[in-house]
Amino acid sequence: SHRGEFSVVVARAVAHLSTLVEYASPLLKKDGLLIVSKGVPTADEVSDGSYAAQVCGFDTPTRYDLFNNNGARAIFVFKKSHKPSMKLPRAVGMAKKHPISK
56 SHRGEFSVVV
66 ARAVAHLSTL
76 VEYASPLLKK
86 DGLLIVSKGV
96 PTADEVSDGS
106 YAAQVCGFDT
116 PTRYDLFNNN
126 GARAIFVFKK
136 SHKPSMKLPR
146 AVGMAKKHPI
156 SK
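Shown next, in the form of structure tokens:
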């Protein structure tokens, strides 16, 4: 197990924000960072990701929007600041099948 071993986890558009937050939380040390690169996410995905962040032990994420000739991307930085309010990780497949949302 690598519980609480990492200072930084980086992901590039591999899943919904709330799923990534849930996957990363058990791996990160206190004050560790989750950095996620996404295309332009929907407002619902951002809202769910922010809610999941609180549940999973993170502060509200900081968002950086990048624009260039290849289109737009959003970078989200989540800082782990407190213990999750639920036991993580959940059973295999739960984060993807039933993501944390409002």
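FYI, in our numbering the residues of the sequence shown are 56 to 157.
The beta-carbon is built from N, C-alpha and C at its ideal position, and this holds for glycine as well.
Because the structure is a prediction, the values reported are computed rather than measured.
DSSP beta-bridge partners of V132 = Mapped onto the sequence shown, residue 132 falls at position 77. Its beta-bridge partners are I90, T117.
Report the three-state DSSP secondary structure of L82 (helix, strand or coil).
-> By one-based count along the sequence shown, residue 82 stands at place 27. Helix.
Would you mind giving the Cβ-Cβ distance between A51 and Y78, rounded to the nearest angstrom? I have them listed as a contact below 8 Å.
-> It is not possible to answer for residue 51, since the shown part of the chain is limited to 56 through 157.
Just checking my contact of P81 with R118 at CB under 8 Å: how many whole Å lie between their CB atoms?
-> Residue mapping note: residue 81 aligns to position 26 of the sequence shown, counting from 1. Residue mapping note: residue 118 aligns to position 63 of the sequence shown, counting from 1. In fact, because the Cβ distance is near 23 Å, the residues do not count as touching under 8 Å.
If you check the beta carbons only, do V91 and A66 fall under 8 Å apart?
-> Locating residue 91 in the sequence shown gives position 36, counting from the first residue. Locating residue 66 in the sequence shown gives position 11, counting from the first residue. Yes, they are a contact pair.
Round the Cβ separation of D103 and P154 to the nearest angstrom and send it over; I've been treating them as touching at under 8 Å.
-> By one-based count along the sequence shown, residue 103 stands at place 48. By one-based count along the sequence shown, residue 154 stands at place 99. Right, their Cβ atoms sit about 7 Å apart.
Rounded C-alpha distance that separates S73 from F61 = Within the sequence shown, the letter at position 18 stands for residue 73. Within the sequence shown, the letter at position 6 stands for residue 61. Near 19 Å, if we compare the C-alpha coordinates of F61 and S73.
Might you give, ordered along the chain, the residues of its own chain that have their beta carbon closer than 7 Å to the beta carbon of P144, omitting 5 neighbours on each side?
-> If you number the sequence shown from 1, residue 144 lands on position 89. Here the set comprises P81.
Can V76 and A108 be called in contact, C-beta distance under 8 Å?
-> Here residue 76 is taken as the residue at index 21 of the sequence shown, counted from 1. Here residue 108 is taken as the residue at index 53 of the sequence shown, counted from 1. Yes, Cβ-Cβ distance for V76 and A108 is below 8 Å.
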